[in-house]
Amino acid sequence: IPCTTNMILVFIPLSYRLSNALVPDYYNITLWPRLSCDPNTGLYIFTGQCTMEFECVKETNLILIHSNKLNYTKLDNMHIASIKSTWLQPETQYLVIQLNSKLTQKHKYQLYTNFTGELADDLAGFYRSEYEEDGIRKIVATSQMHPTHARKTFPCFDEPAMKAVFYITLIHPPGTVALSNGMEGDIVNTTIDGVAVTKTKFEPTKKMSTYLLAIVLQAMTIFIMSLLITLCVQIRIWARRTAIEQGQANYALNVTGPILDFFQLYYNISYPLNKSDQIALPDFYFGAMENWGLVTYRETNLLYDPVTSSNRNKETTATIIAHELAHMWFGNLVTLRWWNEVWLNEGFASYVSYLGADHAEPAWNLKDLIILDDVHRVFAVDALTSSHPLSSKEDSIILPGQISEQFDAISYSKGAAVLRMLSDFLSEQVFVQGLNSYLKHFAYSNTVGDDLWHHLQMAVKANNVSLPCPVCEIMNRWVIQMGFPVVTIDTSTGKVSQKHFLLDPESSVTVESPYKYEWLIPVRWMKSGEVQRDIWWLMEKEGMRRGSVWVLANINITGYYRVNYDHGNWESLFAQLNSEHQVIPVINRAQLVDDAFNLARAQMVSTPLALNTTLYLSVETEYMPWQSALDNLDYYYLMLDRTEVYQPMQDYIKKLVTPLFLYFKNMTSDWTHVPDRHTDQYNQVNAIRMACRTGVTECQNLTTRWFKQWMENPQQNLIEPNLRSAVYCSAMAAGDEAEWEFGWSQFKKATVASEASKLMSALACTSNTTLLERYLSYTLNSAMIRKQDATSVITSVASNRLGQSLAWDFVREQWEYMFTQYGVGSFSFASMISGVTARFSTPAELQQLVEFEEKHRAAGFGSATLAVEQALERTRANINWQQKNKQEILDWFNSQTRH
Ligand SMILES: *[C@@H]1O[C@H](CO)[C@@H](O)[C@H](O)[C@H]1NC(C)=O
Ligand SMILES: *[C@@H]1O[C@H](CO)[C@@H](O)[C@H](O)[C@H]1NC(C)=O
Ligand SMILES: *[C@@H]1O[C@H](CO)[C@@H](O)[C@H](O)[C@H]1NC(C)=O
Ligand SMILES: *[C@@H]1O[C@H](CO)[C@@H](O)[C@H](O)[C@H]1NC(C)=O
Ligand SMILES: [Zn+2]
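In case it helps, mature numbering (1 follows the signal peptide of the UniProt record, and there is no 0) puts the sequence shown at residues -21 to -1, 1 to 878.
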């Protein structure tokens, strides 16, 4: 065993990055996973052989290859100068081979290895996943190489720029199906060491990065297939047998063709592979992974059950498929050189996922929804001083943990917002032209962000687009500095200015920016009801007077910034909203609400001004403005629903939402039809949810009746799938023990994952505190609530106004158990802490939290460490906010409802 000694004293700098002296050409890999555990060791393992060929580009006598948790049984230097010593360096995850003489530049070498690895259930590398179907336990061997786990499967140069060709062979039990990036080639039945096996050899991959490799093998998997004639691409969707038989994969199959067609046109490059496999895994930690040619998904993200799933589930499926397929070109064909620019890969795929899904579902208005789902989501995070820039320096992202941290809302959602802005100010045609030349030029190789800016700049030149300065100078300000600006337009003086927007007025930024937190801002605007054609750039041009009516900036929120106005202009905008609101584009109506509420939090406008933006909602029927308002009012509920403001606030919102409720009642002919428009379907849910929550009797009778009908005939749930979450919750809140027990039994029986999760959160809606306490206690018993769901149940109970203090007491009482069960490495543990403390806004609550923190400080808070700190900080900010705003808010609500 050559690779276990570490006795030779050689000084190797502890560098986590490869040296670039050696460049791989191809890997020839055979893997044999054992799907039953070794009775002696209790381990599931796989064995493997790998021949790799690489070229020496810089003389060296040291070979560094990534390898993590693999045991070597043989290592052979076919054609390599003689080996002096070899060892494993676990900290840097290297297999190190020291040679007696130097390798020669421009020569090719091969290395042959035999190795053993554990097929653990750790969701990393080549791993094992178990699930139950029809009461039978099943095992899937699957993989997640991204971002740094290929090295746990075979020895390799595991960096995205080390592209190579992969020849994969899998050995598996006869009767199971093996899949990989390439199409299955030879499949033969044979015996190895007396064991009958099937050997599946795959067509070689294209030249690609290690993190995009995928291997899946599974018994009982079946698929549905279609051939996309225009592309000559075979499309297959794989899932559990029952899911396929119930038609749950049909929707994915139907949208994949159009989405691939769209991207082929958009990129102006044919789909680079001859097949597209997508597989739903019953137990998958991530949302989805864009392995080239074999995309893996969590079941809820690929499958859509036409009988029980909602249109929300359907949209999720379409947009996630589009996101992953967008990567087949941007990310897979052309790959960023290093993980410091994850944002460009993920932001791009997130942006164009709306375009691809829109092509498959043109009636849905999907392109607008990026504002709610990405822009608003990330505005909230990016307005804090704890935010960070999109891009980091290459040498600051080295450790695997640092690499994983890059995959956050900033990368995905801000990345998408900033690229959408770029496409808008260049025009889509110029953007796409630059993109095409970038993809063609760098196909099968790697880039840095500047390469994209360079190709866009060439398109700018070719089309004579006028910009205040080169693309890269504009973009650097958005990419290299964190946060975003608020543009303030004073229409009385004509003065326009910008400022870094920070949600907490008392916070200040300590990180310096080379651009001093100033941005080059493309402003699209509207004057007195007319959209102006030109864009003006805020550091270049000033002077903006209102003239006769009003000015509105950031039309359709194509720019990544907020806008504030002088009081007179706000008033004119309100007058417009209250007279003929359609004159203002729907996205901007949503934005006026969101900007005003956030500017009020930052003390840049008054709180009554923010509340005034909601007045016109009594005549608004569109989804986006309503959703925007409800998202913002959620904070008011959290802060004020246990105070004297609660009832006046309920009365006001009830008054606003009643017309909406009646509007949908009428549109659906007394709730007998599903609205045609996708966004109406969403807003119908808002109408029912808020009408029932604020005590509209007709709504409560309706949901109670629907739920009763289901209770009387449990075999037949006639409740419209889109409405189920809202109806279950409202019926549970209005009902008592009988409703709860029924909901519980249905939850335990549910076979479709999305249905179970709807019931699970609805059970926390009950108003019976004894039931809430019982539900909390179930989280201690995994036979009642599965361990993976426990923290989410506690969070749901805490989000119920009556359950808040119960959940907090429960967590404190059971702290030791919680901490040992979930404290280490569990992401949901942190969100449980945020959840149970979300309402904290009184000095007494702060005191409890401080005592809690002191009591457990010594033992620590594991993965919730940051969450506990943020909870303390947020509670203090909430106390301030309440003290400043409560009376004013109470007066405002009272003034609206008294007459
Ligand atoms: C890969 O290895 C197999 C046997 O291990 C061999 O038959 C095949 O020729 C090899 N392919 C390449 C491209 O080296
Ligand atoms: C390497 O693995 C293959 C397949 O498991 C086996 O046939 C071969 O004997 C192994 N070689 C060594 C030296 O262990
Ligand atoms: C690899 O070797 C270590 C140390 O001997 C052992 O603990 C581990 O179980 C081995 N792994 C496999 C998959 O055989
Ligand atoms: C291999 O064996 C399996 C199970 O016995 C059988 O279903 C399959 O058709 C065989 N394949 C070939 C290529 O003979
Ligand atoms: Zn992605």
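Each residue gets a CB set at the ideal place from its N, CA and C atoms; glycine is no exception.
Listed by position in the chain, the residues whose beta carbon lies within less than 7 Å of some heavy atom of ligand 4 are P153, G154, I166, V167, N168 and T177.
The C-beta distance from E38 to T83 rounds to 7 Å, short enough to fall under 8 Å.
Contact between Q660 and N168 does not hold, since the beta-carbon distance rounds to 51 Å and is not under 8 Å. Nearest in C-alpha terms to N79, of all of S64, P139 and P126, is S64.
Under the three-state reduction of DSSP, R656 is assigned to coil, being neither helix nor strand.
Around the Cβ of T748, a 10 Å sphere holds fewer than 16 other Cβ atoms; the residue is exposed.
For A328, the shortest separation between its Cβ and any heavy atom of ligand 5 lies below 6 Å. Contact between L54 and T92 holds: their C-beta atoms lie close to 5 Å from each other, under 8 Å. Around the beta carbon of H652, fewer than 16 other beta carbons lie within 10 angstroms, which makes this residue exposed.
Per DSSP, the unbroken alpha helix (DSSP H) holding L418 starts and ends at E407 to H420. Burial check for M124: the Cβ neighbour count within 10 Å reaches 16 or more, so the residue is buried.
Taken from the Cβ of T52, every heavy atom of ligand 3 lies 6 Å or farther away. Cβ neighbours of V510 within its own chain (closer than 7 Å, five residues either side excluded): I534. Around M187, the same chain offers K142, W271 and N311 as residues with beta carbons nearer than 7 Å, after the five sequence neighbours per side are excluded.
Around the C-beta of P285, fewer than 16 other C-beta atoms lie within 10 Å, and the residue is accordingly described as exposed.
If you check the C-beta of T95 against ligand 3, you find a heavy atom less than 6 Å away.
The distance from the Cβ of L281 to that of A231 is about 5 Å, consistent with a contact at the 8 Å cut-off. Contact between I258 and L239 does not hold, since their C-beta atoms are separated by about 17 Å, which reaches or exceeds 8 Å. T9 carries a strand assignment under DSSP once its states are collapsed to helix, strand and coil. Taking all protein chains shown into account, D361 has 16 or more neighbouring C-beta atoms within 10 Å of its C-beta and is therefore buried. Rounded to whole angstroms, the gap between the alpha carbons of P12 and L431 is 41 Å.
Linking F576 to L482 through their CA atoms gives a straight-line distance of about 10 Å.
In the assembly as shown, E699 is a buried residue. Its beta-carbon has 16 or more other beta-carbons within 10 Å.
If you draw a 10 Å sphere on the C-beta of H546, you find fewer than 16 other C-beta atoms in it, and that means exposed.
Between the alpha carbons of N425 and F686 lies a distance of about 56 Å. Counting along the chain, P464 sits inside the beta strand (DSSP E) bounded by residues P464 to D469.
Counting C-beta pairs closer than 8 Å gives fewer than three between the stretch 603 to 615 and the stretch 834 to 853, which falls short of the contact rule.
Within the model, the alpha-carbon separation for G413 versus N567 is close to 29 Å. With a cutoff of 7 Å on beta-carbon distance, L617 and R818 are scored as near each other.
Distances from the alpha-carbon of A777 to those of F789, D768, K766 and Q767 put F789 closest.
Sixteen is the threshold: since fewer than 16 other Cβ atoms of the shown chains lie within 10 Å of the Cβ of V174, the residue is exposed. Listed in chain order, the beta strand (DSSP E) elements of length 3 or more contained wholly in the stretch 217 to 297 are 254 to 260 and 273 to 277. Each residue's CA atom was taken as its position, placing I349 and L635 some 26 Å apart. For the set V530, R541 and Y540, the Cα lying nearest the Cα of E550 is the one of V530. Not a single heavy atom of ligand 3 lies less than 6 Å from the C-beta of I534. Taking the Cβ of E112 as the reference point, every heavy atom of ligand 5 lies at 6 Å or farther away.
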